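Visitor: Sharing a structure here in structure tokens format.
In the working numbering, the protein residues as written are 18 to 219.
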């Protein structure tokens, strides 16, 4: 009889705390993180190949609807990226704990394109133009320009604009003795390089 009571007590203890007896406890840990540069729809995440989680444009974070148990493995992957970006997951694979799941970040990089065009009448220089915080110094007698430049490491490119982002090219410094204007200077980057910007100097 005493052994029966003991077994019953153990069974009750297991029912109250399955994890302590080798089973899975109810989900108590939220699985989510941050997202960057999601400007259009199309980003879909999964955890271990499970149900799709669609991320809306301009979202800064994500949360899977189902809580997971403590000490549970997770593996967040990008099932499909947005049409205008490539995306990767940082710290997306691991095991949950009482402290959560760590800092998971889905980083999306907008597909970049060039801003370029033609120049007429640039008989002196330099002419300095800007787009945002990127500037370009153009020497005299150039007949075309491209805002894209190689960084000092000779690998990275500076001055490109990601798809769906706005751009606005303007004159920061006029060339000596000339006044230059820019046509087709403002717009939103599409799926290809912008090459119709025209700089006219007189």
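Ideal Cβ placement from N, Cα and C applies to all residues, glycine included.
Computed from a prediction, not measured in an experiment: that's the story for all the values here.
#1: Roughly how many angstroms lie between the CA atoms of residue 157 and residue 127, to the nearest whole one?
#2: Tell me the rounded alpha-carbon separation between residue 212 and residue 54.
#3: Starting from residue 161, trace the beta strand (DSSP E) both ways and give me its first and last residue.
#4: Which residues bound the beta strand (DSSP E) around residue 184?
#5: Taking its Cβ as the centre, do 16 or more other Cβ atoms sit within 10 Å of residue 184, making it buried, or is it exposed?
#6: Rounded to the nearest angstrom, what separates residue 179 and residue 206 at their Cα positions?
#7: Taking the alpha-carbon positions, what's the residue 144 to residue 153 distance?
#8: In the DSSP assignment, the beta strand (DSSP E) including residue 124 goes from what residue to what residue?
#9: Using DSSP's beta-bridge definition, name the partner residues of residue 179.
#10: Excluding sequence positions up to five away, which residues of its chain have a Cβ less than 6 Å from the Cβ of residue 160?
#11: Give the straight-line distance between the Cα atoms of residue 148 and residue 189, rounded to the nearest whole angstrom.
#12: Which residue from 71, 45, 81, 163 puts its Cα closest to that of residue 210?
#13: Could you tell me whether the region 115-127 touches the region 84-104, using the rule of 3 or more Cβ pairs below 8 Å?
Guide: Reading off the structure:
#1: 33 Å
#2: 25 Å
#3: 161-163
#4: 183-190
#5: buried
#6: 7 Å
#7: 8 Å
#8: 122-127
#9: 129
#10: 136
#11: 10 Å
#12: 163
#13: yes
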